[in-house]
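> Protein chains in written order, with the working numbering: chain A, 1 to 137; chain B, 138 to 288.
Heads up, the beta-carbon is just placed ideally off N, CA and C, and yes, glycines get one too.
Owing to the predicted nature of the structure, the values given are computational and were not obtained by experimental measurement.
Structure below; questions to follow.
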Amino acid sequence: MANKAKPIQEVEKQEIEPASDAEPTRDVKIYVPRVDIYETDEDVFVVADAPGVDENSMSITLEKNILTLEGQVEISEPDNFDLVYSEYGVGDYQRSFTLSEEIDRNKIEASINGGVLRLRLPKAAPAKARKIAVKAG
Amino acid sequence: MFRPMRRRRYGFASPWREMERFQREINQLLGETFDESRPGYAPGFPAINVWANQDGAVVTAELPGVNPEDIDITIVGQTLTISGSREPEDLGEDVKLHRQERGFGKFARSFELPFLIDDAKVEAMFEKGVLHLSLPRAEADKPRKITVKTA
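Here it is, written out as structure tokens:
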């Protein structure tokens, strides 16, 4: 399927409250990464924009069928400079998805490059139907 | 800030015009008291943050998924332009698209800096999808202290 033209446009990072009731220990804002999700016959792909995150600060968990992406951003501000104008905030990333497909957990691949996370979630082979014979009593 | 409504030549000023003026004044007031904990709205891509001091400025922008080779930074006078493009994801055949929130294509934004830049000393760094521009102020543009001699 061809990519629909979605022009690159203004970004207003969407800030959210932490997902759980417990307060995070890090006093930083939490933003929702923008994602593309697409699917082929074999895989589900998730691509997420998380500028400021690298392979060491990204955590991906798949619990039951909930996929959670969490990225920690080290906030660095230039020394001896004052912030005079700001259009975006810096903070961690957090987002969860419910997967409708059974995923082969051992074959998940993840890479992060230039602030973009790419996840390949291979679908599990459909469980073989087991035929249960009904014995006559 | 609250001025009495001025009587115009033909009766009272239009209330709409007064509203607009009031709104402008509010905006100016908000603009003057810049609150760094509340980033404003970016009118284009990429959104930027600007830090400054006496000796220059630092501009940062989030450009995830943009190749550093595809970013162009030009400085003409006091105008800084960041332009480039982001490539679309290479989707294979027979793909079902569930969500598409990430945009792609060409972008360009220009900003007027409050001082002249020493363009030979400009440094640009791109790390983890974040562009970091260091813009030192031109030596000739820096304020000079003049001591007054006694005769």
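What residues of chain A sit near ARG236 (chain B), judged by a beta carbon separation below 7 Å?
Sequence index remark: in the second sequence, residue 236 (chain B) carries index 99 (1-based). Ordered by position in chain A, the residues that pass the 7 Å Cβ test against ARG236 (chain B) are VAL35, ASP36 and ILE37.
> Using CA coordinates, which residue listed in A:ASP104, A:ASN113, A:VAL134 and A:LEU117 is at the minimum distance from ALA124 (chain A)?
As a working note, residue 124 (chain A) is residue 124 in the first sequence. The residue with the shortest Cα to Cα distance from ALA124 (chain A) is A:ASP104.
> Using beta carbons (cut-off 8 Å, strictly below), is VAL285 (chain B) in contact with chain A?
In the second sequence, the residue the question calls residue 285 (chain B) occupies position 148. It does not; no Cβ of chain A falls within 8 Å.
> PRO78 (chain A) and TRP188 (chain B) - do their beta-carbons sit closer together than 8 Å?
Start at 1 with the first residue of the second sequence, and residue 188 (chain B) comes out as number 51. Start at 1 with the first residue of the first sequence, and residue 78 (chain A) comes out as number 78. Their beta carbons are under 8 Å apart, which means TRP188 (chain B) touches PRO78 (chain A) by this criterion.
> Specify, as a first and last residue, the run of the beta strand (DSSP E) that PRO183 (chain B) falls within.
In the second sequence, counting from the first residue as 1, residue 183 (chain B) sits at position 46. Element bounds for PRO183 (chain B): n/a, residue is neither H nor E.
> Take the Cβ of ALA136 (chain A) as the centre, count every other Cβ of all protein chains shown within 10 Å, and call the residue buried at 16 or more, exposed below.
Here residue 136 (chain A) refers to the residue found at position 136 when the first sequence is read from its first residue. With a threshold of 16 other beta carbon atoms within 10 Å, ALA136 (chain A) falls short and is exposed.
> Which partner residues of TYR93 (chain A) appear in the DSSP bridge assignment?
In the first sequence, the residue the question calls residue 93 (chain A) occupies position 93. Looking at the DSSP assignment, TYR93 (chain A) forms a beta bridge with A:TYR31 and A:GLY71.
> Does GLU12 (chain A) come out as helix, strand or coil in the three-state DSSP assignment?
Here residue 12 (chain A) is taken as the residue at index 12 of the first sequence, counted from 1. GLU12 (chain A): coil per DSSP, three-state reduction.
> Are there 16 or more other CB atoms within 10 angstroms of the CB of THR170 (chain B), so buried, or fewer, so exposed?
Here the question's residue 170 (chain B) lines up with position 33 in the second sequence. Confidence at THR170 (chain B) is low in this model, with a pLDDT of 48, below 50, so its placement is unreliable and the value that follows should be read with caution. By the neighbour-count rule (16 or more Cβ atoms within 10 Å), THR170 (chain B) is not buried but exposed.
> Which residues in the same chain have their Cβ closer than 6 Å to the Cβ of GLY202 (chain B), if we skip the five residues on either side of it in sequence?
Sequence index remark: in the second sequence, residue 202 (chain B) carries index 65 (1-based). ARG223.
> By DSSP, does ASP255 (chain B) sit in helix, in strand, or in coil?
Residue mapping note: residue 255 (chain B) aligns to position 118 of the second sequence, counting from 1. Residue state, collapsed to three classes: coil.
> Please classify ALA124 (chain A): does DSSP put it in a helix, a strand, or coil?
The count along the first sequence starts at 1 and reaches residue 124 (chain A) at position 124. Coil, per DSSP.
> Report the CB separation of THR300 (chain B) from ALA245 (chain B) in whole angstroms; it is logged as a contact under 8 Å.
This structure leaves residue 300 (chain B) out entirely; chain B is present only between 138 and 288.
> Using a threshold of 8 Å, state whether the C-beta atoms of LYS233 (chain B) and GLU102 (chain A) are closer than that.
Taking the first residue of the second sequence as position 1, residue 233 (chain B) is located at position 96. Taking the first residue of the first sequence as position 1, residue 102 (chain A) is located at position 102. Against a cut-off of 8 Å, the Cβ pair of GLU102 (chain A) and LYS233 (chain B) comes out as no contact.
> I'd like to know whether the C-beta of LYS282 (chain B) is nearer than 8 Å to at least one C-beta of chain A.
Here the question's residue 282 (chain B) lines up with position 145 in the second sequence. For LYS282 (chain B), the answer is no, since every Cβ of chain A falls outside 8 Å of its Cβ.
> Tell me the DSSP secondary structure of ARG246 (chain B) in three-state form.
In the second sequence, residue 246 (chain B) corresponds to position 109, counting from 1. ARG246 (chain B): strand per DSSP, three-state reduction.
> Compute the distance between the beta-carbons of LYS265 (chain B) and GLY91 (chain A), then report whether it is under 8 Å.
Working through the second sequence from its first residue, we reach residue 265 (chain B) at position 128. Working through the first sequence from its first residue, we reach residue 91 (chain A) at position 91. Result no, Cβ atoms of LYS265 (chain B) and GLY91 (chain A) do not sit closer than 8 Å.
> Please decide whether LEU121 (chain B) counts as near chain A, where near means a Cβ-Cβ distance under 8 Å.
Here chain B has residues from 138 to 288 only, and residue 121 (chain B) is not among them.
> Would you verify that the beta carbon of LEU119 (chain A) is, or is not, closer than 8 Å to some beta carbon of chain B?
Mapped onto the first sequence, residue 119 (chain A) falls at position 119. Answer no: the Cβ-Cβ gap between LEU119 (chain A) and chain B never drops below 8 Å.
> Got a sec? Which residues, its chain only, sit under 6 Å from PHE241 (chain B) by beta carbon, not counting five neighbours each side?
Counted from its first residue, the second sequence places residue 241 (chain B) at position 104. Within the same chain, PHE241 (chain B) has close Cβ partners ARG223 and PRO225.
> Just the C-alpha distance for SER111 (chain A) and LYS13 (chain A), rounded to the nearest angstrom, thanks.
Counting from 1 along the first sequence, the entry for residue 111 (chain A) is found at position 111. Counting from 1 along the first sequence, the entry for residue 13 (chain A) is found at position 13. Between SER111 (chain A) and LYS13 (chain A), the C-alpha separation is close to 23 Å.
> For a quick check, are the C-beta atoms of ARG95 (chain A) and PRO33 (chain A) less than 8 Å apart?
Along the first sequence, read from residue 1 onward, the residue named residue 95 (chain A) stands at position 95. Along the first sequence, read from residue 1 onward, the residue named residue 33 (chain A) stands at position 33. Cβ atoms of ARG95 (chain A) and PRO33 (chain A): closer than 8 Å.
> What does DSSP give as the partner residues of LEU204 (chain A) in its beta bridges?
This structure gives no information on residue 204 (chain A), because the portion of chain A shown stretches from 1 to 137.
> With 16 other CB atoms within 10 Å as the buried threshold, where does ASP231 (chain B) fall?
One-based indexing of the second sequence puts residue 231 (chain B) at position 94. So ASP231 (chain B) counts as exposed.
> Between the Cα of GLN191 (chain B) and those of A:GLU87, A:SER100 and A:PHE81, spot the shortest distance and give me the residue it belongs to.
One-based indexing of the second sequence puts residue 191 (chain B) at position 54. Answer by Cα proximity: A:PHE81.
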